[in-house]
Amino acid sequence: MRKRIGSYPRVRVAGNGRGVVAQAGGLLLVETARQSGLDTAISAALAPWRKPRTVHDPGKILLDVALTVALGGDCLADVAMLRAEPTAFGPVASDPTVSRLIDTLAGAGPRALAAIRRARAEVRQQVWRLAGHNAPDKSGEMVVDIDGVLVLAHSDKQDATATWKKTFGHHPLFAFVDHGHEGSGEPVAGLLRPGNAGSNTAADHIEAARLALAQLPKTYRRGRRTLIRTDSGGGTHEFLNWLTARGRWLSYSVGMVVTDAIHQAVLKVPVSAWTPAVEPDGEIRDGAWVAELAGDCLKDWPKGIRLIVRKERPHPGAQLRITDADGMRITCFATDTADRPIAELELRHRQRARAEDRIRAARDTGLRNLPLHQTAQNRIWLEIVQIALDLLAWMPMLALTGQARRWEPKRLRLRLFSAAAQLVTTGRRRILRLASMITIRRVTAKRVSEESPE
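Here the sequence shown is numbered in this note's numbering, starting from 74 and rising by one per residue.
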């Protein structure tokens, strides 16, 4: 008879447990909201929409939904996750009450959106102050990435239309503050648009940039440069003119479409003018070079613009485009930064790819679909998603170190938020007893060491 190895232990299950709290790790987010003042700020912002003699505070309701989304929920009804744990999350409104609040705020339109955004901007300044050296402006330059994201719709919702990828849904435009390679990022703007909205609509990029700049604390912007990065969707005359007119404290690094004029200019660049591209560690990247273009390519563009082109050997099997040259993949971007080498500027622009990580995290945090029918309702949902992403970015800034600061929402939920605990009351105090902290430290240290590069 073969001996069984690695079988699961036999456990009897009973339903009479007491003092057990599920999602106990979610109290990290609750404490983040409390320490940052987000709970009181949202409550004050939504005070005009609180009816007399109501039991539930509108700010608490909205924050409960945001906590639910941060913990993995993707619709209003998922707030039942918190309602099942009143000892940990307090009284939670019923589903009809939550729906009525969303309808009320949607009916208020821009007033409600502006109130929520002001509260987030106020709290952001407090969080960055508490974060100290972990604040995203520690290098003296804040980076804001603007990018679009397609959100599919599986039913006939307002403003859901065919998209440029021949899918059906919406095409929001987001802006994120980049925390650098040591952290993640936080949303500072979310603009809901129909599915057929253009990728290079200058008016939408200007509006997203305005919303993003309004979220940045003024005390942290004084004396620092704010860099706006976009892909080629932002490479329009109107958007670059708007950025240039903002003054010397605002700069840009914007992808550009390789036009025929740029293509011809690339062919004329002498071999000696190409500089090897570099990696974040300073190493030279094999098979990639950068050069700066001049001449007719810059005609009619804002004063001070620099057009930097990159050529690289394509990956094996990659199909070249008509704009590529001499068997090399060609891309280019524009910037107004004048005092740095082009290889360094190209690396800075290439790091815009971290915005794709932020979009992936947003998809995992309530942006997989827009659950409501009306556009005004989904605009409120988009603000809820941003509050949830704020909490998921602020908590690691304030409470985690090392590789854990870079954990994305799925990993945070699996390793931290889903932890269960025992709630005991003694001496008029409630204590939440997690597993032995020594065990947690050992497991976390092991996981971090496994993720660290050799």
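Each residue gets a CB set at the ideal place from its N, CA and C atoms; glycine is no exception.
Span of the alpha helix (DSSP H) holding residue i?
i	result
Pro159	159-162
Arg431	427-435
Arg503	First-last for Arg503: 502-506, but that is the beta strand (DSSP E), not the alpha helix (DSSP H).
Thr170	168-181
Gln48	Beyond the ends of the chain as shown, which are 74 and 527, falls residue 48; an answer cannot be given.
What would DSSP say about residue i, mapped onto helix, strand or coil?
i	result
Ala493	coil
Thr530	Outside the displayed range of the chain (74 to 527) lies residue 530, so it cannot be described from this structure.
Arg515	Its pLDDT being 45, under 50, Arg515 is placed unreliably in this model, and the value from its coordinates should be taken loosely. Reduced to three states, the DSSP call for Arg515 is helix.
Thr448	helix
Ser530	Missing from the structure shown is residue 530; the chain here goes from 74 to 527 and no further.
Glu527	Unreliable placement is indicated for Glu527, whose pLDDT of 42 sits below 50; no coordinate value is reported for it.
His227	coil
Arg394	coil
Ala338	helix
Arg202	helix
Val351	strand
Leu119	coil
Leu464	helix
Gly132	helix
Gly92	coil
Pro82	coil
Thr234	strand
Asp112	helix
Arg321	coil
Asp399	coil
Leu265	coil
Need the endpoints of the beta strand (DSSP E) that residue i sits in, please.
i	result
Met215	214-221
Asp251	246-251
Leu286	Here Leu286 belongs to no beta strand (DSSP E); instead the alpha helix (DSSP H) covers 275-288.
Pro302	Per the sequence shown, residue 302 should be read as Arg rather than Pro. First-last of the beta strand (DSSP E) with Arg302: 298-303.
His243	241-243
Rounded to whole angstroms, what's the CA-CA distance from residue i to residue j? Just pull it up for me.
i	j	result
Cys370	Thr332	9 Å
Pro386	Ile189	Per the sequence shown, residue 386 should be read as Arg rather than Pro. Approximately 47 Å, taken between the alpha carbons.
Pro414	Ala318	24 Å
Leu489	Ala461	16 Å
Ala161	Gly308	48 Å
Asp304	Trp362	19 Å
Trp237	Leu265	16 Å
Ala338	Ala416	19 Å
Ala118	Arg191	8 Å
Leu284	Asp168	31 Å
Ala494	Gly98	8 Å
Val128	Val200	30 Å
Asp220	Asp176	28 Å
Trp90	Leu155	Residue identity check: residue 90 is Gly in the sequence provided, not Trp. If you take the alpha carbons of Gly90 and Leu155, they lie about 18 Å apart.
Ala95	Ala106	19 Å
Gly92	Val497	6 Å
Ile432	Gly500	46 Å
Arg425	Asp251	9 Å
Ala194	Ala262	11 Å
Ala187	Thr408	31 Å
Val521	His254	Low confidence applies to Val521: its pLDDT is 44, below 50, so where it sits in the model is not reliable, and the reading given next is rough at best. When rounded, the distance between both Cα atoms is 16 Å.
His227	His244	14 Å
Leu440	Leu455	8 Å
Arg503	Gly205	31 Å
In this structure, what does DSSP give as the bridge partners for residue i?
i	result
Val382	Ala364, Cys405
Glu529	The displayed coordinates of the chain run from 74 to 527. Any statement about residue 529 would go beyond what the structure contains.
Ala188	For Ala188, which the question treats as bridged, DSSP gives no partner whatsoever.
Thr498	Arg503
Ile357	Val351
Can you list, in chain order, the residues of its chain whose CB lies under 7 Å from that of residue i, leaving out five sequence neighbours each side?
i	result
Arg515	For Arg515, the pLDDT reaches just 45, beneath the cut-off of 50, and the residue's location in the model is therefore unreliable, although a value from the coordinates is still provided. So the list is empty, once near-sequence residues are dropped.
Gly182	Ala449
Val171	Ile134, Val138, Leu149, Val152
Ala208	Trp201
Arg184	none
Met401	Lys384, Glu385, Arg386
Can you list, in chain order, the residues of its chain whose CB lies under 8 Å from that of residue i, leaving out five sequence neighbours each side?
i	result
Glu352	Arg358, Leu420
His278	Ile219, Leu246, Thr303, Gly306, Gly307, Thr309, Phe312
Can you find a C-beta in chain B that's less than 9 Å from the C-beta of residue i?
i	result
Asp399	This model lacks chain B altogether; it includes just one protein chain.
Who are the Cβ neighbours of residue i in its own chain at under 6 Å, not counting the five residues just before and after it?
i	result
Lys133	none
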